[in-house]
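Right, one structure below, let's go through it.
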Amino acid sequence: MSAAAVQATRPWLQHGIAVLAGLALLWLVFNLWVAGQALVAVGALTFGSAALVVYGTATSTAWKYLFPGVAGMLLFVAFPLVYTVQIGFTNYSSAHLLSEERSRQYLLDQSLVDEARARPYTLHAEGRAFRLRLAPGEAGGKPLLTPPLDLAAPPAAPVVLVPEAGTALGPALDLKALIAQREGLQRLALQLPGATGPDAALRYAGLREFGVIEPLWTARADGALVQAGSGRVFVPKRETGFFESTAADGEVERLSPGFTVGIGFANYSRMLLDADFRGPFVSIFVWTVAFAGLTVLFATALGMSLAVLLEWEGLKHRTLYRTLLFLPYAVPGFISILVWKGLFNQNFGEINAILDALFGVRPAWFADPMLAKTMILIVNTWLGYPYIMILCSGLLKSIPADLYEASALAGASPWVNFWKITAPLVIKPLTPLLISAFAFNFNNFVLISLLTDGRPDFLNTKLPAGTTDILVSYTYRIAFTDSGQNFGLAAAISTLIFIMVAVMALVQLRFTQQAEGRR
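Taking the numbering used here, the leading residue of the sequence shown gets 23, the next gets one more, and so forth.
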């Protein structure tokens, strides 16, 4: 084929690919919509249409390169953030996972087998078809048979049973073969001979019997559920997210599972107005700020001091010392944390062994809240000072040497040099990095989780909360561990954390811009 023919064919090929991609997109969106995923369907339609416009038309070339990054940012950053904020305004939890419709349907699907009318059965192969033999049940009766059935496509109408009447049957299928036919058996309905009404239909009730399936609940037109037998009515309460029934004595009974409903700012007001929740929450918030701030303070003080010391030209083997002091930063953090956890062990740790030998004390590092917080600060300072030391080492080399020469001529001491020259010139460019270190430690989940897991716990709290928990580990416990998986409350706290970290990022950006403006 000539080059001209190829050039003439290319537009048709491009249009054909665009049409196929559009049809595939519509097929995907339609299936998502039918499956009940309306928001996902709208999102897929939006992103797919944008992709078709960007790559299927003669739009700006720059957008062809920018679109994957923008789409990824919206999908993996903006969408989770918006979704988390939205959950914070609901009661979404382990007890309220479903929508109201799905919760109602789950309850309506519950049923009970009438054991008095259940009948054991066996399944017998007859060529490619199968026959069911129902033995007499507790109420008596005669053995009954079905006609030959194709269990791969069982009939929709009930199958009328007939008396066995000496019909020759092959051997009954074993349990393994019976399980293989379970799907067809579950779709099968059997009708007793001469019987009518709902009680005449026998349905699959397990691997050993067929029986009358009685629903436990029936639905009313107003959406309420009526309990079979007692006739008790359970009304959907959208204030609590449960189907509820109030007895004559005022006792409220709730059905599980509940359903998700919007509760406005209830999760946020709970942080401020619920005294039982506010106490631990405020303590954890204060400790989170103190933990992040003290870690930055101690790590900066230690890292800057070591950096200044290692710049002393009279110190021999400075390279060796710098390498050894950098090792805590080179070792993976989780390994260092677990090593320190062993060192602080009350009964077998080396730190308590040394303290016992010198002073006769064995502190309970993991049981006492103040000692646990002290231990956390020690370990985190150990993990963080090498980073500050390396930064300060680079900043110290940028300080003009003539400043120290002039100071020496004036007779200033090294201490004066540090406070008047070194510290001011290092702190200014270091400030944005210190703010980012504060933000990092504000969400330092790994340290808390591996070292103390937030313990020791507060006593007599509605939700389990630890004295060494920081906001992010506290949120994790609320959402995923032993506090009932309260996703809505955890999402509200996560939103609060996001706002705080975003403010820190803006402050860091402002300081960075100011530092660049001074250059």
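Every residue, glycine too, gets a C-beta built ideally from N, C-alpha and C.
Please read all numbers here as calculations on a predicted model, not as lab measurements.
Review point. How would you call Gly-325, buried or exposed, if buried means at least 16 neighbouring beta carbons within 10 angstroms?
Key: Per the 10 Å Cβ criterion, buried.
Practice item. Report the three-state DSSP secondary structure of Val-28 (helix, strand or coil). Key: In this prediction, Val-28 scores a pLDDT of 48, lower than 50, which makes its location untrustworthy; no coordinate-derived value is stated.
Point to revise | Leu-549 versus Leu-425: straight-line alpha-carbon distance, rounded | key: Because the chain in this structure spans residues 23 to 541, residue 549 falls outside the shown range and cannot be described.
Point to revise | Nearest-angstrom beta carbon gap, Arg-139 and Gly-233 [assumed within contact, 8 Å] | key: Contact holds; Cβ gap of about 6 Å.
Check your understanding: At what residues does the beta strand (DSSP E) containing Val-274 begin and finish?
Key -> Its beta strand (DSSP E) spans residues 274–277.
Review point. Excluding the five sequence neighbours on either side, which residues of its own chain have a C-beta within less than 6 Å of the C-beta of Arg-594, listed in chain order?
Key: Past the boundaries of the shown model lies residue 594; the chain is included only from 23 to 541, so the question cannot be answered.
Practice item. Could you name the residues that DSSP lists as bridge partners for Asp-479? Key: In DSSP, Asp-479 forms a bridge with Gly-488.
Check your understanding: Is DSSP giving Gln-59 helix, strand or coil here?
Key -> Coil at Gln-59, not helix or strand.
Exercise for review: Please name the residue, chosen from Ile-443, Gln-132, Ala-147, that lies closest to Pro-422 on a Cα-to-Cα basis.
Suggested key: Pro-422 has its Cα closest to that of Ile-443, out of Ile-443, Gln-132, Ala-147.
**Study point:** Classification of Met-411 by the beta-carbon crowding that lies within 10 angstroms, buried from 16 upward
**Key:** With 16 or more Cβ atoms within 10 Å of its Cβ, Met-411 is classed as buried.
**Study point:** Beta-carbon proximity of Ser-415 to Ala-297, cut-off 7 Å
**Key:** With contacts defined as CB atoms closer than 7 Å, Ser-415 and Ala-297 fail to qualify as a contacting pair.
Point to revise | Cβ neighbour criterion (16 or more within 10 Å) applied to Tyr-87 | key: Around the CB of Tyr-87, fewer than 16 other CB atoms lie within 10 Å, so the residue is classed as exposed.
Check your understanding: Cα separation between Val-525 and Val-318?
Key -> Each residue's alpha carbon lies about 18 Å from the other.
Check your understanding: If we ignore side chains and look at the alpha-carbon of each, how far apart do Thr-112 and Gly-286 end up?
Key -> Roughly 7 Å separates the two Cα atoms.
Exercise for review: For Phe-281, I'd like the list of residues in its chain whose CB is within less than 7 Å of its CB, leaving aside the five on either flank, ordered along the chain.
Suggested key: Here the set comprises His-118, Leu-120, Ser-121, Glu-122, Ser-125, Gly-263.
Review point. Where does Phe-265 fall in DSSP's three states?
Key: In the three-state reduction of the DSSP assignment, Phe-265 falls in the strand class.
Practice item. Rounded to whole angstroms, what's the CA-CA distance from Ser-71 to Ser-82? Just pull it up for me. Key: Computed Cα separation, rounded: 16 Å.
Review point. Within this structure, are the beta carbons of Leu-183 and Leu-212 separated by less than 7 Å?
Key: Contact check for Leu-183 against Leu-212 passes: the beta carbons are separated by less than 7 Å.
Check your understanding: Hey, is the region 459–469 in contact with the region 374–385, meaning 3+ C-beta pairs nearer than 8 Å?
Key -> These segments do not touch.
Exercise for review: Could you spell out the range, first to last residue, of the beta strand (DSSP E) harbouring Gly-233?
Suggested key: For Gly-233, the enclosing beta strand (DSSP E) starts and ends at 231–233.
Point to revise | Residues bridged to Ala-211 [DSSP beta-bridge criterion] | key: Arg-225.
Practice item. Out of Pro-102, Asn-367, Leu-214, Tyr-105, point me to the one whose CA is closest to Ala-389's CA. Key: Cα-wise, what sits closest to Ala-389 is Asn-367.
Check your understanding: Any chance the region 492–512 sits against the region 290–309, with 3 or more Cβ pairs inside 8 Å?
Key -> The region 492–512, when compared against the region 290–309, does touch it at the 8 Å Cβ threshold.
Exercise for review: Measure from the alpha carbon of Phe-533 to the alpha carbon of each residue in Leu-455, Tyr-498, Ala-501, then state which is nearest.
Suggested key: Nearest C-alpha to Phe-533: Leu-455.
Check your understanding: What residues in its chain sit with their C-beta under 7 Å from that of Gln-530, if we drop five residues either side in the sequence?
Key -> For Gln-530, where only same-chain residues beyond five positions count, the Cβ hits under 7 Å are Pro-454, Ile-457, Ser-458.
Exercise for review: Could you check what DSSP says for Val-542 in three-state terms: helix, strand or coil?
Suggested key: The chain is shown from 23 up to 541; residue 542 falls before or after that span and cannot be answered.
Check your understanding: Which residues in the same chain have their Cβ closer than 6 Å to the Cβ of Ala-513, if we skip the five residues on either side of it in sequence?
Key -> Closer than 6 Å at the Cβ level, and outside the excluded window around Ala-513, lie Thr-106, Ile-109, Gly-110.
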